[in-house]
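Q:
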Amino acid sequence: MMPNEALRFPNGTTIAIAAILVTMPWILPSLTLACEIVVVSTGALSCTLLLGSVGLLSFGQGLYFGLGAYVCATLIRDFGMTALPATITAVVAGGLLAAIAGLLIVRRQGVYFVMLTLAFAQMGFFLALAFPKLTGGENGFGNVPRTTVAFGQLPLSHPIVLYALLALLCFVAFALVQRIIASPFGTVLNSIRQNESRSEALGYDVRRFKLAAVTIAGGLAALAGAMNTLMLSFVPLSAVDVETSERLLIAALIGGVGSPLGALVGASVLSAMSDFLSPIWPRWSTIVAVLLIVTVLFLRDGLLGLGRLLGGAVRSER
Amino acid sequence: MRTRREILAAAAVGVAAPALLRQAWAQQDAIEVGSLVSLSGTFANIGEQVDIGSKVAFEYYKTAAGKPLRYVQLDDQGDPGRAVRLTQDAMRDRGIRFFMNCTNSAIALAVAKEAASGGGVYINQAGADEMTGSLCNKNTFRWPVATYSAVNTTVRPFMKQFPDAKKWYTITGQYVFGDSLLKNLKDVLGEVGGQHIGNSYHSLSDREYSGFITAAIAAQPDVLCICNFGSQTIDVLRQAVSFGMKRNTKILVVWSTGLDQFQSLGPDICEGVYFGANYWHGVDAPGNRLLTGVIKAKLKVTPSYLLTAGWACTQATVEALNKAGTTDVPAVIKAFEGLSYEGPTGLEKVRAEDHQVLKDYYLLLGKPKARMRDKDDYVDVVSAEKAFLSPDKTGCKL
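Chains S and U, in that order, are what the protein sequence lines are. Here the numbering used here is used: the first residue of the first sequence is 74, the next is one more, and so on. Here the numbering used here is used: the first residue of the second sequence is 19, the next is one more, and so on.
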């Protein structure tokens with residue numbers, strides 16, 4: 074159930090997200106880890122929007138992530154664009170592809186919807202592999218220069234400028250999702266999630282609303298892909314593989330899909346675990362699997378829900 | 019009972035500890051070398067071996083340019099994106115300028131660019147031709163041979179031995195590396211009078227190849243040539259042999275990793291099959307005698323290609339640092355260029371024009387189990403040759 078506070082915008086969550094994004098570079102031991110968290114949380118946000126608001130489980134967000142990454146990289150390297158226009162174009166491309174794929178995907182529900190998203194993701198991966206002249210194939214898309222933010226100003230070669238841009242884009246994405254959830258459109262999406270048949274009986278064109286949500290989520294995933302390109306100056310083939318889709322979904326689920334903040338929490342936990350645990354124990358991903366099982370079985374609202382639960386318990390003791 | 023001041027002082031020490039440690043490291047004046055290895059993720063089996071090989075080399079060499087060496091393990095988890103991040107962190111936060119190793123070409127190409135833009139030096143084991151071709155850079159070096167060399171040093175001696183084996187069928191991985199092998203093979207066949215009668219492409223995720231193999235059998239080739247890498251090589255060869263292709267067709271695997279693949283396949287499958295390889299432990303060369311001696315003493319195993327690849331990159335870095343006598347990056351790059359040393363494959367030389375290590379590539383022939391002198395003696399060395407594209411044809415502009 075969507076908490077009532079979520080129906081206001083801006084709210085406490087907006088401030089919390091802004092505060093986390095501003096303080097992260099000072100809290101974390103590395104700025105690149107902060108950049109990665111920002112990118113993954115933006116991608117996970119697309120899963121949060123679909124699953125938390127409309128109840129659509131997508132295993133295919135990696136497709137749009139990859140497209141965004143390739144479009145942004147191509148525009149910067151081959152057309153000399155700067156970061157902002159390249160990113161905006163990538164978002165539009167991701168949204169368009171999601172709208173086209175969505176026309177087919179939203180015709181089915183439940184497990185068939187999930188399988189279709191997976192099929193599209195696989196298709197994207199093999200297309201990327203089949204056109205190495207466009208994507209670089211398994212070698213990846215390289216030689217992307219570190220451009221400037223826009224109009225030749227603010228070079229991304231400066232780590233703080235890069236983080237500031239990524240954090241700003243991430244914040245805009247979170248604010249947009251919060252605004253959507255708080256809007257009448259978001260209320261309809263929520264009603265579809267709770268009872269699709271009843272929403273249809275009330276006269277809402279459920280397919281059209283789902284298509285809109287899929288399109289927005291595709292644009293968000295493409296935004297994350299473009300941000301990934303700005304961070305790495307490179308697009309690995311893994312950007313478009315199913316593992317990326319899984320990673321975004323796992324981050325969303327671990328954090329909790331009840332609030333956009335969950336995507337940021339999930340991405341932070343996942344990326345930090347990967348950074349801190351991998352030097353200690355090579356099989357660290359087992360811990361992620363256990364965490365996912367615990368989350369799915371006992372923490373329906375993810376770690377964010379657990380935090381709220383603990384916070385509530387402390388308050389009631391006082 | 020602790021006072022508030024004591025607790026605050028302890029907290030301050032805790033906060034400052036990483037900075038103090040970093041300072042302590044710097045004071046020791048050691049040369050830190052970042053090693054990009056995948057210890058978790060899809061390529062963990064490769065990364066672990068490369069990592070061990072490098073660590074053994076570090077323990078053996080201990081110093082370079084008069085300073086102690088320190089091995090800094092960077093687990094990229096098989097993800098090029100993470101490898102780039104780790105490289106950026108290592109350069110920015112720890113001031114590391116020397117890097118080595120990779121578990122796939124995508125990681126190497128991505129790290130090479132990062133190392134170049136951050137003013138570092140990087141030597142790796144990438145298979146992609148672009149590493150010393152169109153995507154080469156001043157700061158990066160590559161130890162294994164390119165696909166041109168692999169094809170020319172296997173197909174030409176093979177054709178000399180079997181001039182009547184004219185009809186060739188290929189099973190190729192449909193990715194950049196597989197396509198490069200195939201293109202080079204077609205070129206060589208054209209030059210030596212062979213005929214390429216057909217090809218089956220498989221994808222990066224294929225595990226079942228019976229359809230491709232029946233297509234190859236139907237074409238009735240003299241030679242089945244396998245142009246892919248890794249576990250897919252093992253699977254294609256195993257299935258081709260189980261379909262009986264060895265009986266009336268010769269099989270050539272252009273790119274293999276040698277011993278570890280032979281151990282997976284077993285002597286019965288290897289017998290009579292030709293393999294191309296970057297390294298074989300049975301080669302009599304001073305550098306190889308040193309390597310096998312150290313590896314056997316430390317690990318009680320025969321060195322495989324992956325262990326050797328980790329060793330070889332460390333050795334080349336140490337040799338270049340010793341030649342330069344300093345850790346100054348431009349001086350080390352200059353020392354690398356033209357560097358000549360006794361490596362695991364004999365005398366190895368770093369070509370200045372494209373930063374390729376010029377070394378032997380082997381054509382090996384699987385021997386019968388009865389002829390194996392020990393449990394790792396799977397093959398005979400048919401030929402050991404150096405064949406490299408001339409620098410003006412690699413596409414590398416340094």
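Where is the CB? At the ideal position from N, CA and C, for every residue including glycine.
Evaluate S341 of chain S with the Cβ neighbour count: other Cβ atoms within 10 Å of its Cβ, from every protein chain shown; 16 or more gives buried, anything less gives exposed.
A: Here residue 341 of chain S corresponds to residue number 268 of the first sequence, with the count starting at 1. Buried, because 16 or more other Cβ atoms sit within 10 Å of the Cβ of S341 of chain S.
Q: Are there 16 or more other CB atoms within 10 angstroms of the CB of F159 of chain U, so buried, or fewer, so exposed?
A: As a position in the second sequence, residue 159 of chain U is number 141, starting the count at 1. The residue in question, F159 of chain U, is buried, as its Cβ has 16 or more Cβ neighbours within 10 Å.
Q: Closer than 9 Å, CB to CB, is T105 of chain S near chain U or not?
A: Translated into positions along the first sequence, residue 105 of chain S becomes position 32. With 9 Å as the cut-off, T105 of chain S counts as an interface residue toward chain U.
Q: Does the distance from the C-beta atom of V68 of chain U to that of A327 of chain U stay below 9 Å?
A: What you label residue 68 of chain U is simply residue 50 of the second sequence in a count that begins at 1. What you label residue 327 of chain U is simply residue 309 of the second sequence in a count that begins at 1. Cβ distance < 9 Å, so V68 of chain U and A327 of chain U count as in contact.
Q: Just to confirm my understanding: we take A286 of chain S, look at its own chain, exclude 5 residues before and 5 after, and list those with CB closer than 8 Å. What are they?
A: Here residue 286 of chain S corresponds to residue number 213 of the first sequence, with the count starting at 1. Closer than 8 Å at Cβ, skipping near neighbours: L122, L123, S126, V127, L129, L262.
Q: Flag A124 of chain U as yes if its beta-carbon sits less than 9 Å from any beta-carbon of chain S, otherwise no.
A: In the second sequence, the residue the question calls residue 124 of chain U occupies position 106. Yes, its Cβ sits closer than 9 Å to a Cβ of chain S.
Q: Since T81 of chain U sits in a beta bridge, which residues does DSSP pair it with?
A: By one-based count along the second sequence, residue 81 of chain U stands at place 63. In DSSP, T81 of chain U forms a bridge with U:P86.
Q: Looking at chain U, which residues of the segment 328-357 of chain S have a Cβ within less than 8 Å of any of its Cβ atoms?
A: Result list: S347, S351, P352, P355, R356, W357.
Q: Which residues in chain U have a C-beta closer than 9 Å to the C-beta of S311 of chain S? List them in chain order.
A: Start at 1 with the first residue of the first sequence, and residue 311 of chain S comes out as number 238. Within chain U, the residues near S311 of chain S are G96, D97, P98, G99, A124.
Q: Compile a chain-ordered list of the residues in the segment 185-219 of chain U whose CB is closer than 8 Å to at least one CB of chain S.
A: Cβ contacts with chain S: Q192, Y193, V194, F195, D197.
Q: Ignoring anything shorter than 4 residues, give me the alpha helix (DSSP H) runs that lie fully in the segment 264-303 of chain U, in order along the chain.
A: If we require 4 residues or more, the alpha helix (DSSP H) runs fully inside the segment 264-303 of chain U come out as 277-283, 285-288.
Q: Would you identify the three-state DSSP class for S389 of chain S, choosing helix, strand or coil?
A: Position 316 of the first sequence, counted from the first residue, corresponds to residue 389 of chain S. In the structure shown, S389 of chain S sits in a helix (DSSP, three-state: H, G or I).
Q: Candidates U:D395, U:L376, U:D278: which alpha carbon is nearest G384 of chain U's?
A: Here residue 384 of chain U refers to the residue found at position 366 of the second sequence. Comparing Cα positions, the closest option is U:D395.
Q: Under 8 Å Cβ to Cβ from V387 of chain S, same chain only, skipping five residues before and after it: list those, please.
A: In the first sequence, counting from the first residue as 1, residue 387 of chain S sits at position 314. Hits under 8 Å: none found.
Q: Cutting at 6 Å between CB atoms, please list the residues of its own chain near A44 of chain U, excluding the five before and the five after it.
A: Indexing the second sequence from 1 puts residue 44 of chain U at position 26. Residue placement at A44 of chain U cannot be trusted, given a pLDDT of 48 that sits under 50; what the coordinates show is reported in the next sentence. Excluding residues within five positions, none has a Cβ falling inside 6 Å.
Q: Taking only beta-carbon positions, decide if R219 of chain S is within less than 9 Å of chain A.
A: The structure shown contains no chain A; its protein chains are S and U.
Q: Please report whether the beta-carbon of S72 of chain U lies at a distance below 9 Å from any beta-carbon of chain S.
A: Taking the first residue of the second sequence as 1, we reach residue 72 of chain U at position 54. Not an interface residue.
Q: Output, in sequence order along the chain, the residues in the segment 205-218 of chain S whose CB is closer than 9 Å to any CB in chain U.
A: Against chain U - using a Cβ distance shorter than 9 Å - the residues of the segment 205-218 of chain S are P205, G209, G210, E211, N212, G213, G215, N216, V217.
Q: Of the residues S:G385, S:M154, S:F132, S:G168, which one's Cα is nearest the Cα of G141 of chain S?
A: Taking the first residue of the first sequence as position 1, residue 141 of chain S is located at position 68. Minimum Cα distance to G141 of chain S is reached at S:G168.
Q: Specify, as a first and last residue, the run of the alpha helix (DSSP H) that S218 of chain U falls within.
A: In the second sequence, residue 218 of chain U corresponds to position 200, counting from 1. Here S218 of chain U belongs to no alpha helix (DSSP H); instead the beta strand (DSSP E) covers 213-220.
Q: Just the chain S side, please: which residues come within less than 7 Å of A62 of chain U by C-beta, in chain order?
A: To locate residue 62 of chain U, count along the second sequence from 1; it is residue 44. Simply P355.
Q: Whole alpha helix (DSSP H) runs in the segment 192-217 of chain S with 4 or more residues, listed along the chain?
A: The qualifying runs are 205-208.
Q: Going by other Cβ atoms of all chains shown within 10 Å of its Cβ, with 16 needed for buried, is L148 of chain S buried or exposed?
A: Translated into the one-based positions of the first sequence, residue 148 of chain S becomes position 75. So L148 of chain S counts as buried.
Q: Would you say V51 of chain U and L87 of chain U are within 9 Å of each other, going by their C-beta atoms?
A: Within the second sequence, numbered from 1, the residue matching residue 51 of chain U stands at position 33. Within the second sequence, numbered from 1, the residue matching residue 87 of chain U stands at position 69. In contact: V51 of chain U and L87 of chain U (Cβ atoms closer than 9 Å).
Q: Any C-beta of chain U sitting closer than 9 Å to the C-beta of E109 of chain S?
A: Counting from 1 along the first sequence, the entry for residue 109 of chain S is found at position 36. Yes, E109 of chain S lies at the interface with chain U (some Cβ there is under 9 Å from its Cβ).
Q: Please work out which residues of its chain come closer than 7 Å, Cβ to Cβ, to I64 of chain U, disregarding the five sequence neighbours upstream and downstream, and give them in chain order.
A: Taking the second sequence and counting its residues from 1, one reaches residue 64 of chain U at position 46. S56, T121, L324, listed in sequence order.
Q: Can you tell me whether DSSP reads D93 of chain U as helix, strand or coil?
A: As a first step, residue 93 of chain U is located in the second sequence; it is residue number 75 there, counting from the start. Note: D93 of chain U maps to strand in three-state DSSP.
Q: Alpha carbon to alpha carbon, what distance is there between P98 of chain S and A290 of chain S?
A: Here residue 290 of chain S is taken as the residue at index 217 of the first sequence, counted from 1. Here residue 98 of chain S is taken as the residue at index 25 of the first sequence, counted from 1. When rounded, the distance between both Cα atoms is 27 Å.
Q: For the beta strand (DSSP E) that F159 of chain U lies in, which residues bound it at each end?
A: Along the second sequence, read from residue 1 onward, the residue named residue 159 of chain U stands at position 141. That run of the beta strand (DSSP E) goes 158-160.
Q: May I ask you to verify whether the segment 184-195 of chain S touches the segment 115-134 of chain U, counting CB pairs closer than 8 Å and requiring at least 3?
A: Flag = no, the segment 184-195 of chain S and the segment 115-134 of chain U do not touch.
Q: Cβ atoms of A294 of chain S and Y137 of chain S: under 9 Å apart, would you say?
A: On the first sequence, residue 137 of chain S is found 64 positions in, with the first residue counted as 1. On the first sequence, residue 294 of chain S is found 221 positions in, with the first residue counted as 1. Contact: yes.
Q: What did DSSP end up calling P181 of chain U once you bin it into helix, strand or coil?
A: The count along the second sequence starts at 1 and reaches residue 181 of chain U at position 163. DSSP places P181 of chain U in coil when its eight states are reduced to three.
Q: Can you tell which of U:K85, U:R110, U:F61, U:G84 has the C-alpha that lies nearest to the C-alpha of D93 of chain U?
A: Along the second sequence, one-based indexing puts residue 93 of chain U at 75. Answer by Cα proximity: U:F61.
Q: Could you check the C-alpha separation between N216 of chain S and E371 of chain U for me, to the nearest Å?
A: By 1-based counting over the first sequence, the position of residue 216 of chain S is 143. By 1-based counting over the second sequence, the position of residue 371 of chain U is 353. Distance between the alpha carbons of N216 of chain S and E371 of chain U: 20 Å.
Q: Quick check: is any heavy atom of the ligand MG less than 8 Å from the C-beta of S401 of chain U?
A: Within the structure as shown, the ligand MG is missing, as the structure has no ligands at all.
Q: Take the Cβ of P355 of chain S as the centre, count every other Cβ of all protein chains shown within 10 Å, and call the residue buried at 16 or more, exposed below.
A: The sequence position of residue 355 of chain S within the first sequence is 282, counting from 1. P355 of chain S should be labelled buried.
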